[in-house]
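To keep things clear, I will list the structure first and then write my remarks on it.
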Amino acid sequence: MGKKITIEPVTRVEGHGKVTIHLDNDNTVTESRLHIVEFRGFERFVQGRPYWEAPVLVQRLCGICPVSHHLAAAKAIDVIVGAGTGDGLTVTADKMRRLMHYGQIFQSHALHFFHLCSPDILFGVDGDPAVRNVVGVAMEHKELAVQGVLMRKYGQEIIAATAGKKIHGTGAIPGGINKNLSIEERDAFLNGIEGNPQLTADQMVDWSETVLEFFKDYHRKNKDFIDGFASFPSSHLSIVREDGALDLYHGVIRAVDAEGNRLIDDVDYQQYDTIISEGVKKWSYMKFPYLTELGPEKGWYRVGPLARLNVCDFIDTPSAQREFEEFRAYTKGKPNGMSMHYHWARLIEILHAAEKMRELLQDPDLQGEDLVVQGRRQPSGVGVIEAPRGTLFHHYDVDQDDQITMCNLIVSTTNNNEPMNAAVNGAAVSHIQGQPEITEGMMNAVEVAIRAYDPCLSCATHAVGKMPLEVSLVDRQGNTIAVKQSNMSV
Amino acid sequence: MSEVLVYGYGNPGRQDDGLGIRLAQEVQDRQFQNVSVDSNYQLNAEDALAISQYDIVVFADASTNEIEGFRFSVVQPAADIAFTTHAMAPGSVVGLCHQLYCAFPKVYLLEIRGYAWGMAEGLSPEATDNLSLATSFLSPLIQNPVVERFDQAVTVSS
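Residue numbers (the numbering used here), protein chains in the order written: chain A, 1245 to 1734; chain B, 611 to 768.
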């Protein structure tokens, strides 16, 4: 009798995941699918609202990455108010937004590593669930955990200072920013937040290098797992600065294939809808983006840290550039298709973000007074940003009464839909296929594959009694034979 | 006198999901002595550091559980396996606080029942009533913050 494994949500309002793994009579994996209940109601909700509300409204989308939505929407609205893109803003506005964004990248990546990645690599994919968690890390590697907490706090404080507040920030406004960084705020970030000598820009760079070395040491000792787990070739897409540098805030769209050949050659992101299409599959609510020219079968791509380091030519901060060179040399300059190397790439980006924050904090432009520009009003605008999890598109059309008439979002997790399905299947084949008994560790392997991509499933709401993910094994007759739920219990 | 932190969390852009934040605001407005207030979208790792600096902590969150208005419980340290970023359960924050900072605040969870979760600001009428009940319940406790009184007020065992 064939079997099916399902990992599914129970109660979350939206933004939950479900994995179903179908097994044949001899426990051969016949099909693996990651279902994510994508909430697209926002695109209808925002219609009829004044365009200038968008950068604040979009933070309702997600309580986890509101800064990314805030900035992507603001960039789109910049175009609508005639401020243009990139150099269109004042230097103070551009650099304040960049500081906000790098704070977001820094805290998000740090949390992902300490909260989600480190338990798996410290205790093993099949380690005891009682200790394979962030509290277990704290017990066994206290110094690492303390650093993780403070790195996260530093990034959060950067966001609060640039966005104005922690919840529903208002920092980015159409055509610019509504505040600069005061001397007092700057000095706190450089010399120690709240007088804490550990919460400095220099310390964040040092700790970023430490955690990167920690991962590289683990990699040296566990090459088979890190290199081989859920590894597969793919195309990669991100924005890059016009000179090819890694740029998480602004740039042109570039995509490369598995051999490194350019598929999309530095296209203005206002034209994103001429190069990217969104496919649908009857078994998933979430769309499947692809490069239009290649079609849905061959045109899918990865986004996020791994893709960004595969796509860019260099990094413009010295320590991250050194690490980037080592990263690229590992695959002899070819694009890297190893899912677990997302963690490596993410840690290089943490270092880059720390260096960027330090660089920006020392820049007197952050104390400038020229905050907003406007120009000739436009009927449409597209904003793109490299969010922690990957490329995020916001597109708005507005009418003559300044009301939004159309909104289209392609979020990072949607861009990674096809590769996450491929990773789930790879993990199922390597850890579940042919096994006489399905263990918690085997089921966790499937989650490890998804976690590498850091999908944002628990978006938008948080309330007691929610559960983000469930994995199920299902037999050939459709009977569920094993279930693993990832709980958020009280 | 005990130092108290009231920490509300949730997304106020999703109707009743903002109940925790609204309760924190209500407490802030009343300006109790020795009571600090904080709020955020989610609980997370750095909150272990925040709560380590207090004697008594009250987390306030919206709840989809079918409870009568609100309920108040002790938060026990836990070690959850999280699937995805970036939220921690209250018990995990407490567990992390114990491990990292050797601090042992008494932590409670005030769950307030919500009913509507759409993309809009503002609470549903039923949730507004529950917020009022929860605020009335919590106010006398934090006005005279003694652990024994908090323990006696627990409405459900954890």
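We treat Cβ as the ideally placed atom computed from N, Cα and C, and that holds for glycine. The structure displayed is predicted, hence computed values, not measured ones.
Per-residue DSSP class, three states only, for residue i
i: K1339 of chain A; result: helix
i: D1510 of chain A; result: strand
i: S1478 of chain A; result: coil
i: V1325 of chain A; result: coil
i: R681 of chain B; result: strand
i: Y1398 of chain A; result: helix
i: E1630 of chain A; result: strand
i: S612 of chain B; result: coil
i: I1411 of chain A; result: coil
i: D1461 of chain A; result: helix
i: G1261 of chain A; result: strand
i: G791 of chain B; result: Examination of residue 791 of chain B is not possible in this model, given that chain B is present from 611 through 768 alone.
i: L629 of chain B; result: helix
i: I1483 of chain A; result: strand
i: E1714 of chain A; result: strand
i: H1587 of chain A; result: helix
i: P735 of chain B; result: helix
i: K1319 of chain A; result: helix
i: A769 of chain B; result: Chain B is shown only over 611 to 768; residue 769 of chain B falls outside these bounds and no answer can be derived.
Continuous beta strand (DSSP E) stretch holding residue i: start and end
i: L1653 of chain A; result: I1648 to I1654
i: G1330 of chain A; result: Per DSSP, G1330 of chain A belongs to no beta strand (DSSP E) and is neither H nor E.
i: R1277 of chain A; result: V1273 to I1280
i: P1533 of chain A; result: S1528 to L1535
i: Y718 of chain B; result: K716 to R723
i: S650 of chain B; result: Note on residue identity: the sequence assigns Asn, not Ser, to residue 650 of chain B. V645 to N650 is the span of the beta strand (DSSP E), which, as asked, contains N650 of chain B.
i: F669 of chain B; result: I666 to S673
i: S1521 of chain A; result: I1520 to K1525
i: I661 of chain B; result: Where I661 of chain B is concerned, there is no enclosing beta strand (DSSP E), although the alpha helix (DSSP H) it sits in stretches over E656 to I661.
i: V1498 of chain A; result: The amino acid occupying residue 1498 of chain A in the given sequence is Arg; Val does not appear at that position. Run containing R1498 of chain A: V1496 to V1500, per the beta strand (DSSP E) assignment.
Within 9 Å, strictly: CB atoms of residue i and residue j
i: K1531 of chain A; j: N1661 of chain A; result: yes
i: H1359 of chain A; j: V1375 of chain A; result: no
i: S767 of chain B; j: D626 of chain B; result: no
i: I1411 of chain A; j: N650 of chain B; result: yes
i: G1577 of chain A; j: G1504 of chain A; result: yes
i: V1335 of chain A; j: S1624 of chain A; result: no
i: I1483 of chain A; j: I1594 of chain A; result: no
i: L1636 of chain A; j: I1648 of chain A; result: no
i: P1632 of chain A; j: C1309 of chain A; result: yes
i: D1557 of chain A; j: D1487 of chain A; result: yes
i: F680 of chain B; j: S673 of chain B; result: yes
i: P1533 of chain A; j: T1658 of chain A; result: yes
i: L741 of chain B; j: V668 of chain B; result: no
i: G724 of chain B; j: A737 of chain B; result: yes
Distance between residue j and residue i (C-alpha atoms, nearest Å)
i: K1339 of chain A; j: L1610 of chain A; result: 7 Å
i: T1683 of chain A; j: I1694 of chain A; result: 18 Å
i: K1460 of chain A; j: Q1565 of chain A; result: 16 Å
i: Y619 of chain B; j: V703 of chain B; result: 13 Å
i: V1325 of chain A; j: L1615 of chain A; result: 14 Å
i: P1608 of chain A; j: E1384 of chain A; result: 42 Å
i: Q1348 of chain A; j: L719 of chain B; result: 28 Å
i: Q641 of chain B; j: R1546 of chain A; result: 50 Å
i: D1226 of chain A; j: H1675 of chain A; result: It is not possible to answer for residue 1226 of chain A, since the shown part of chain A is limited to 1245 through 1734.
i: G732 of chain B; j: R1485 of chain A; result: 41 Å
i: M1344 of chain A; j: A688 of chain B; result: 33 Å
i: P755 of chain B; j: E1429 of chain A; result: 34 Å
i: G728 of chain B; j: A1298 of chain A; result: 17 Å
i: R1341 of chain A; j: I631 of chain B; result: 26 Å
i: E1438 of chain A; j: A1432 of chain A; result: 7 Å
i: A1407 of chain A; j: Y1346 of chain A; result: 12 Å
i: E613 of chain B; j: N621 of chain B; result: 26 Å
i: E1599 of chain A; j: I1592 of chain A; result: 11 Å
i: R1288 of chain A; j: Y1516 of chain A; result: 21 Å
i: T695 of chain B; j: E1401 of chain A; result: Any reading at T695 of chain B must be qualified, since the residue scores a pLDDT of 48, below 50, and its modelled position is unreliable; the value itself is stated next. T695 of chain B and E1401 of chain A: Cα-Cα distance of roughly 19 Å.
Presumed contact (8 Å Cβ cut-off) between residue i and residue j, rounded CB distance
i: M1601 of chain A; j: M1448 of chain A; result: 7 Å
i: A566 of chain B; j: Y711 of chain B; result: Past the boundaries of the shown model lies residue 566 of chain B; chain B is included only from 611 to 768, so the question cannot be answered.
i: L1434 of chain A; j: L1605 of chain A; result: 6 Å
i: L1355 of chain A; j: R1304 of chain A; result: The pair is not a contact, with the Cβ atoms about 21 Å apart (cut-off 8 Å).
i: H1596 of chain A; j: A1696 of chain A; result: Not confirmed; about 19 Å, so no contact.
i: I1417 of chain A; j: A1327 of chain A; result: I1417 of chain A to A1327 of chain A, Cβ: 10 Å. No contact.
Extent of the continuous alpha helix (DSSP H) run through residue i
i: E1429 of chain A; result: I1427 to N1435
i: A1382 of chain A; result: V1378 to E1384
i: V1555 of chain A; result: P1549 to V1555
i: R1566 of chain A; result: P1562 to Y1574
i: E1503 of chain A; result: Segment: none, E1503 of chain A is in no alpha helix (DSSP H) and carries neither H nor E.
i: S1362 of chain A; result: S1362 to F1367
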